[in-house]
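Q:
Residue numbers (my numbering), protein chains in the order written: chain A, 388 to 906; chain B, 388 to 906.
Okay, structure coming up:
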C-alpha cells in the first residue's frame with residue numbers, strides 16, 4: 388500500500404526573537420535572558436519603557452489596526468476558516484475522527500465456573516484471548532494498539548501475538564520473536580514512551596490499551612496528571628469531541644512479587660489517580676477472569692476517562708460464572724449471597740482485589756468452622772468508586788443502598804488490595820464508617836511467598852478472623868480460644884515458609900468448601 | 388589541585404553467559420530467552436533436567452566443595468576481608484564517611500517581626516541567604532551541594548551564587564551566568580537526573596538539598612519510592628550507618644501559579660510520600676520565613692529521612708519572630724494565642740501551609756468583625772505528621788495534647804495546602820474527627836489571580852466564614868445575614884478579577900489588624 392507523503396515545515400527561531408537584543412548591557416534576544424520578562428519594571432524605569440515601546444512599534448500597529456484599535460478586516464480575512472484552523476482541524480480534535488471499536492462478544496471468552504472456587508484460571512491470560520480478537524476485528528480500520536513496557540507476554544497477554552506482532556523497524560536477529568514493521572503491539576521498556584505514544588494515539592482519534600507492572604506505573608504519574616487535567620478541562624469545551632478513554636491494566640501486582648520483592652511492591656497509583664477530578668477517573672479491581680472480561684469490555688467502549696484496572700496474572704480460583712460476573716460488575720459492589728449467611732449478619736467481610744477476595748473467602752470459611760454462631764456476610768467491590776457517596780463521584784452508590792449492603796451498625800472487616808487509608812477516605816461520609824476496619828498493604832514486604840506477604844501486612848485469613856473476634860461484640864470474651872488458635876496457625880504457617888521456602892499445604896491446598904447460604 | 392586517577396574495569400558478558408546455548412532449538416545464551424528461567428519444567432522434562440545438570444557440572448563442584456558440601460577453606464580464604472568486601476566498603480556504606488555539616492546559626496538570618504502580619508518577606512529568598520552560608524562554610528570539606536531543575540533562581544535561592552556557581556563542564560558563552568566546573572549548584576531541567584545525582588551523593592556520605600516546582604516533583608515519584616524503601620529496609624540492618632536525609636523544598640506551589648495555570652497545580656506529592664513507611668517520612672509546611680529557617684536547619688541536621696518542605700516564594704506577611712518560630716516548630720503544631728480569643732473556643736480555625744494560614748487569619752478577622760460573640764481559636768500546623776496518633780508516626784501528638792489544642796467537641800474548620808482528604812486520613816482516629824471540616828485543593832484551577840484560585844476551591848476567607856456559620860451550633864439561624872454578606876463579597880471579588888485581571892483592593896490590601904487576645 389502506498390501512502391501520501393506529507394510535507395513538514397520545521398521553523399527554528401531564536402529565543403525571544405524580535406525582542407530587545409540586549410538589556411542593561413546583557414545579551415537578551417537569542418539567550419536565556421529572554422525567558423519570561425525580558426524588560427523588567429517598565430513602570431518604574433523610563434529607559435525600559437522606551438525600549439518596550441520601540442520594540443512593539445516595530446510591529447507597525449498602524450498597519451494592523453484601524454483608528455478604533457480593531458484588526459483591519461482584510462487582515463482578519465487572511466486567517467484560515469473552519470477545519471483549516473489549527474484547533475478546529477480534526478487531527479487536533481481526534482474525537483471527531485473516532486470510530487467505535489468492533490468488539491467481539493466478551494461472553495464468548497468466559498471461563499466455565501460451574502460452582503464458585505472450583506476452577507483455577509489466570510485472569511490476564513483469559514483477557515489476552517479477548518484482546519487478540521479485538522485486534523483481529525479492528526485491523527481493517529487500523530485504530531487499535533496495545534502498549535506495554537516489554538511485559539505483554541510477562542503479563543500473560545501473549546495470545547495477542549496470534550493476531551499481530553510487536554512494532555519494530557530496526558534490524559532483526561534470527562532468534563527474535565514476533566517483530567514486524569506493521570506490528571500493533573507497542574513494546575519498549577520505557578513507561579514514559581508508552582504513555583506518550585498512547586496519549587498521542589488517543590488524542591488523534593484511535594483506541595489503545597496499556598499493560599503495566601503495577602509498581603512501576605508511578606513512573607508516569609506526572610504524565611498521567613497532565614492527561615487527566617486535559618480530560619477535565621476539555622469536558623467543559625463544547626466543540627471538543629470526546630476521545631477514547633486511557634485504560635491501564637496493572638498486573639504483576641503487589642501481592643505476587645514472589646521473586647522480585649519489596650522494590651516491586653507499590654499499589655499507590657490508585658491513590659494518585661483518586662486525587663484527580665472524579666468525573667474523569669474510574670478504578671476497577673475485578674476479582675476473577677469473568678469480571679475482568681466484563682470490565683475490559685466496558686473500558687474499551689468508554690470515552691473521556693482514565694480507567695485503572697488491577698488484575699493478577701497468577702493461577703487463582705474463579706468465583707463467578709459469566710452471568711453472575713456481568714451482574715456483579717453492573718452493580719459495582721454487592722453481597723455475594725453464595726458465600727454469606729442469610730439475614731442480618733454479625734460481621735461484614737468486605738473485599739476488593741483478587742488476592743484479598745481469596746483471603747476473605749478463606750476467612751469466612753474459618754469463621755464458619757470455628758465460630759459457628761457468627762453470621763457472616765461477604766461483600767465484594769469491583770468498582771472502587773462505588774464506595775464514595777453519589778455526591779462525590781458519578782459512580783457513587785446512594786447512601787440507603789450502601790447501608791443495606793454494609794449495614795450501619797455491624798463491624799466491617801475490609802480486606803483491600805492497596806494502601807488501607809484510601810478505603811477510609813472513600814467511605815468516611817458513610818453511616819457505617821465508624822465500624823469500618825481496613826486491612827491492606829502497609830509497606831511491609833520482601834522477596835517471599837504469597838502467604839507470607841499477606842501475613843507481613845496483617846491481611847491473611849487468620850488475621851481477618853482475629854479481627855472478627857476483636858470487633859464483633861461479645862466475641863473477644865467468649866472466643867479467646869479461637870483467637871489463640873489463629874495466632875498459632877499463623878505462627879506455624881510462617882515457620883513453614885522459613886523452613887521450606889514455600890507456603891504450607893493448608894494454605895496452598897485450601898479451596899472454597901462450596902458452602903451455600905444456610906437459608 | 389591534582390587528584391588520583393582511579394582505574395575502572397568495564398566487564399561485558401553475554402546475557403545468560405555459561406547457560407545453555409540453545410534450548411528446544413531456540414538460541415538461549417546471549418539472547419532474550421536467557422531472562423528469568425532459561426530451562427523450564429525441569430521436574431517434568433527429563434531432557435531439560437539433564438541439560439541443567441550438565442550446565443551446573445561445568446562449574447566443577449567437586450573442586451569447590453568438600454565431601455560434606457562445604458566450600459573448601461582455601462577458596463573461602465580468597466574472599467576479601469573487612470572493608471575490602473563490596474558491601475562493607477565505606478564507599479558503599481556512605482554513612483561511615485558522613486561528616487556533620489558546619490551550619491551557621493539560622494537565627495542570624497531571621498526576618499524582624501515586631502508584630503504578627505506587619506512585615507512582608509519572600510520565605511525562600513530568606514532561606515537562600517542561609518543556604519549561601521551553609522555552602523560557604525562547607526566548601527573546605529566539599530560535602531554539600533544544592534540540586535534543582537533549573538529553578539534555583541526562580542525559586543528565589545539566587546543568593547547561593549554569591550558562594551558558588553552552577554556546575555558546568557561544557558562550552559560557555561559570554562552571556563552565561565555563574566557557570567563553573569567546580570560549581571556546587573547542580574542544575575539541569577530533568578528532575579530524574581537531579582534525583583539520581585542527589586541519591587548517589589547522599590549514599591556516598593555527603594549532604595544535599597533539592598529545590599523543585601511542587602507540581603513537577605511527581606516526575607520522580609517512582610525514584611522516590613525506591614529511595615524510601617531503601618531507607619526503610621536499611622534501618623533494620625545493623626552495619627548500615629545512617630546517611631543524610633533527602634530534603635525536598637517544594638516551592639512555586641499550587642496556590643501561586645498566577646501565570647502558569649492548571650498544568651502547574653498539583654500538591655499531591657505529599658500524599659504520595661505519606662504512603663511510605665512513617666519512620667522515614669517527614670513533611671513540613673512552614674507558614675513564614677522564620678519557621679522555614681528553623682525547619683531547614685532541622686532537616687540539614689537529620690539522618691535517614693525523606694523531608695518534604697513546602698514553602699512559597701512570593702512576598703507574604705510574616706507571623707512569628709524567631710523565638711516564636713523556634714517554639715512553634717518545636718511543638719510542630721499549636722494554638723496561636725495572639726490570633727485567638729481566650730478560653731474555650733466556639734470554633735477552631737486550623738491551617739497548614741503559607742497561603743491557607745494567611746486566609747485563615749483573614750477569616751478570623753472577619754469573624755471578629757461580623758460575629759463578635761463567636762470565640763475563635765487559630766491553630767497552625769507546621770509538622771504535618773503531628774496530626775497522626777503517636778501509634779502511627781514517631782512525630783504523632785499524644786491524644787490528650789491533641790484534644791487540648793483542637794477540642795473534642797467544637798467544629799474545626801481546617802484550611803489545608805493540599806488535597807483535603809489527607810487531613811482526614813491523618814486525623815481520623817482523633818476524638819474530634821467528626822467535627823473536622825477540611826478545605827483544600829480540590830483540583831479546580833486555571834491561569835488566574837491568587838484569590839480567585841482560593842475561591843475556585845472554596846478555601847477563601849469568605850467561604851471559611853460561611854463554614855463557621857454553617858458549623859457552629861445556632862449560628863446558621865441567627866447569622867444568615869453575615870452568611871449572605873460573605874456570599875456577596877465573594878461574588879464581588881470574583882467579578883473584580885474578571886473586570887480588572889487582578890485581585891480586589893480589599894483582598895490585596897488586607898492586613899492583620901494586630902488584634903491581640905481579648906483576655
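Just so it is clear, CB atoms sit at the ideal spot from N, CA and C, and this is done for glycine as well.
#1: Give the straight-line distance between the Cα atoms of residue 409(B) and residue 415(B), rounded to the nearest whole angstrom.
#2: Under a CB-based cut-off of 9 angstroms, is residue 753(A) close to chain B?
#3: Using the rule of at least 16 other Cβ atoms within 10 Å of the residue's Cβ for burial, across every protein chain shown, is residue 605(B) buried or exposed?
#4: Can a CB atom of chain A be found closer than 9 angstroms to the CB of residue 567(B)?
#5: How about residue 900(B): is its Cβ closer than 8 angstroms to a heavy atom in the ligand FMN?
#6: Note down, in chain order, every chain A residue with its Cβ under 8 angstroms from the Cβ of residue 606(B).
#7: Determine the chain B residues that contact residue 413(A) at a beta-carbon separation under 8 angstroms, and present them in chain order.
#8: For a contact meaning CB atoms closer than 7 angstroms, what does residue 655(A) contact in chain B?
#9: Is residue 475(A) helix, strand or coil when you go by DSSP?
#10: Taking residue 591(B) as the reference, which of 598(B), 597(B), 583(B) has the closest Cα?
#11: Please classify residue 393(A): is it buried, with 16 or more other beta-carbons within 10 angstroms of its beta-carbon, or exposed?
#12: On the DSSP bridge assignment, give the partners of residue 778(B) in chain order.
#13: Could you name the residues of chain E that residue 613(B) contacts, counting a contact when the two beta carbons are closer than 9 angstroms?
#14: Indicate the three-state DSSP secondary structure (helix, strand or coil) for residue 691(B) in the structure shown.
#15: Could you list which residues in chain B have their beta carbon closer than 8 angstroms to that of residue 778(A), in chain order?
#16: So, helix, strand or coil for residue 825(A), using DSSP?
#17: Name the DSSP beta bridge partners of residue 526(B), please?
#18: Please name the residues in the region 614 to 627 of chain B whose beta-carbon is closer than 8 angstroms to at least one beta-carbon of chain A, in chain order.
#19: Verify whether the separation of the beta carbon atoms of residue 859(A) and residue 798(A) is less than 9 angstroms.
#20: Is the region 519 to 532 of chain B in contact with the region 474 to 492 of chain B, if contact means three or more CB pairs nearer than 8 angstroms?
#21: For a test of the three-state rule: what should DSSP assign to residue 852(B), helix, strand or coil?
#22: Under a CB-based cut-off of 9 angstroms, is residue 635(A) close to chain B?
#23: When burial is assigned at 16 or more other CB atoms within 10 Å of the CB, is residue 709(B) buried or exposed?
#24: Whose C-alpha, out of 646(A), 674(A), 754(A), is nearest the C-alpha of residue 721(A)?
#25: If you run the structure through DSSP and keep just helix, strand and coil, what is residue 772(A)?
#26: For residue 404(B), count neighbouring Cβ atoms within 10 angstroms of its own Cβ and tell me buried if that reaches 16, exposed if not.
#27: Could you spell out the range, first to last residue, of the beta strand (DSSP E) harbouring residue 662(A)?
#28: Quick one: any contact between the region 723 to 735 of chain A and the region 688 to 702 of chain A, if contact means 3 or more CB pairs under 8 angstroms?
#29: Kindly list, in the order they appear in chain A, the residues whose Cβ is closer than 7 angstroms to that of residue 808(B).
#30: Rounding to the nearest angstrom, what Cα-Cα distance links residue 507(B) and residue 573(A) in this structure?
#31: At 3 residues or longer, what runs of the beta strand (DSSP E) sit wholly inside the region 832 to 898 of chain B?
#32: Is residue 420(A) close to chain B? Criterion is C-beta to C-beta, closer than 9 angstroms.
#33: Would you say the region 732 to 739 of chain B touches the region 759 to 766 of chain B, given that touching needs at least three Cβ pairs under 8 angstroms?
#34: For residue 830(A), decide whether its Cβ has a neighbour in chain B, counting only Cβ atoms nearer than 9 angstroms.
#35: Secondary structure at residue 702(B), three-state DSSP: helix, strand or coil?
#36: Counting only beta-carbon separations shorter than 9 angstroms, does residue 838(A) have a partner in chain B?
A: To lay it out plainly:
#1: In the second chain, the residue the question calls residue 409(B) occupies position 22. In the second chain, the residue the question calls residue 415(B) occupies position 28. Residue 409(B) and residue 415(B): Cα-Cα distance of roughly 5 angstroms.
#2: As a first step, residue 753(A) must be located in the first chain, where it is residue number 366. In terms of beta-carbon proximity, residue 753(A) stays away from the interface with chain B, with every pair separated by 9 angstroms or more.
#3: For this step, residue 605(B) is matched to residue 218 along the second chain. Buried, because 16 or more other Cβ atoms sit within 10 Å of the Cβ of residue 605(B).
#4: By 1-based counting over the second chain, the position of residue 567(B) is 180. With respect to chain A, the C-beta atom of residue 567(B) has no partner C-beta closer than 9 angstroms.
#5: What this structure holds is no ligand at all, so the ligand FMN is not there to describe.
#6: What you label residue 606(B) is simply residue 219 of the second chain in a count that begins at 1. Neighbours of residue 606(B) on chain A, chain order: 608, 609.
#7: Residue 413(A) sits at position 26 when you count from the first residue of the first chain. Within 8 angstroms Cβ-Cβ: 562.
#8: For the purposes of this step, residue 655(A) is taken as the residue at position 268 of the first chain. Around residue 655(A), the beta-carbon contacts reaching into chain B at under 7 angstroms are 659, 662.
#9: For the purposes of this step, residue 475(A) is taken as residue 88 along the first chain, with counting starting at 1. Of the three classes helix, strand and coil, the one that applies to residue 475(A) here is coil, per DSSP.
#10: Numbered from 1 along the second chain, position 204 holds the residue referred to as residue 591(B). Minimum Cα-Cα distance from residue 591(B) among the listed residues 598(B), 597(B), 583(B) corresponds to 583(B).
#11: The sequence position of residue 393(A) within the first chain is 6, counting from 1. So residue 393(A) ends up on the exposed side.
#12: One-based indexing of the second chain puts residue 778(B) at position 391. Beta-bridge annotation (DSSP): residue 778(B) is not paired with any residue.
#13: Included in the structure are the protein chains A and B, with no chain E among them.
#14: Counted from its first residue, the second chain places residue 691(B) at position 304. Look at residue 691(B) here: in three-state DSSP terms it is coil, with no helix or strand label.
#15: Counting from 1 along the first chain, the entry for residue 778(A) is found at position 391. Within chain B, no residue comes near residue 778(A); the closest Cβ sits about 13 angstroms away, beyond 8 angstroms.
#16: Within the first chain, numbered from 1, the residue matching residue 825(A) stands at position 438. Reduced to three states, the DSSP call for residue 825(A) is strand.
#17: In the second chain, counting from the first residue as 1, residue 526(B) sits at position 139. Answer is none; residue 526(B) lacks a bridge partner.
#18: Listed by position, the residues of the region 614 to 627 of chain B near chain A (Cβ gap below 8 angstroms) are 616, 619, 620.
#19: Locating residue 859(A) in the first chain gives position 472, where the first residue counts as 1. Locating residue 798(A) in the first chain gives position 411, where the first residue counts as 1. Yes. Within cutoff.
#20: The region 519 to 532 of chain B makes contact with the region 474 to 492 of chain B: 3 or more CB pairs, one atom from each, lie closer than 8 angstroms.
#21: To locate residue 852(B), count along the second chain from 1; it is residue 465. DSSP places residue 852(B) in helix when its eight states are reduced to three.
#22: Start at 1 with the first residue of the first chain, and residue 635(A) comes out as number 248. Residue 635(A) does not count as touching chain B.
#23: The residue you call residue 709(B) lines up with position 322 of the second chain. Residue 709(B) is buried by the Cβ-count criterion.
#24: Residue 721(A) sits at position 334 when you count from the first residue of the first chain. Of the candidates 646(A), 674(A), 754(A), the one whose C-alpha sits nearest the C-alpha of residue 721(A) is 674(A).
#25: Residue numbering aside, residue 772(A) sits at position 385 when the first chain is read from its first letter. Reduced to three states, the DSSP call for residue 772(A) is helix.
#26: Within the second chain, the letter at position 17 stands for residue 404(B). So residue 404(B) ends up on the exposed side.
#27: Taking the first chain and counting its residues from 1, the one referred to as residue 662(A) is at position 275. For residue 662(A), there is no enclosing beta strand (DSSP E), since its DSSP letter is neither H nor E.
#28: With a cut-off of 8 angstroms, the region 688 to 702 of chain A and the region 723 to 735 of chain A do not count as touching, because too few Cβ pairs lie within range.
#29: Taking the second chain and counting its residues from 1, the one referred to as residue 808(B) is at position 421. Correct list: 812.
#30: For the purposes of this step, residue 507(B) is taken as residue 120 along the second chain, with counting starting at 1. For the purposes of this step, residue 573(A) is taken as residue 186 along the first chain, with counting starting at 1. Residue 507(B) and residue 573(A): Cα-Cα distance of roughly 54 angstroms.
#31: You should have found no qualifying run.
#32: As a position in the first chain, residue 420(A) is number 33, starting the count at 1. It does: the Cβ of residue 420(A) has a partner Cβ on chain B nearer than 9 angstroms.
#33: Yes, the region 732 to 739 of chain B is in contact with the region 759 to 766 of chain B.
#34: Mapped onto the first chain, residue 830(A) falls at position 443. By this cut-off, residue 830(A) is an interface position.
#35: By one-based count along the second chain, residue 702(B) stands at place 315. The DSSP-derived three-state label of residue 702(B) is strand.
#36: Residue 838(A) sits at position 451 when you count from the first residue of the first chain. No, residue 838(A) does not count as interfacial toward chain B.
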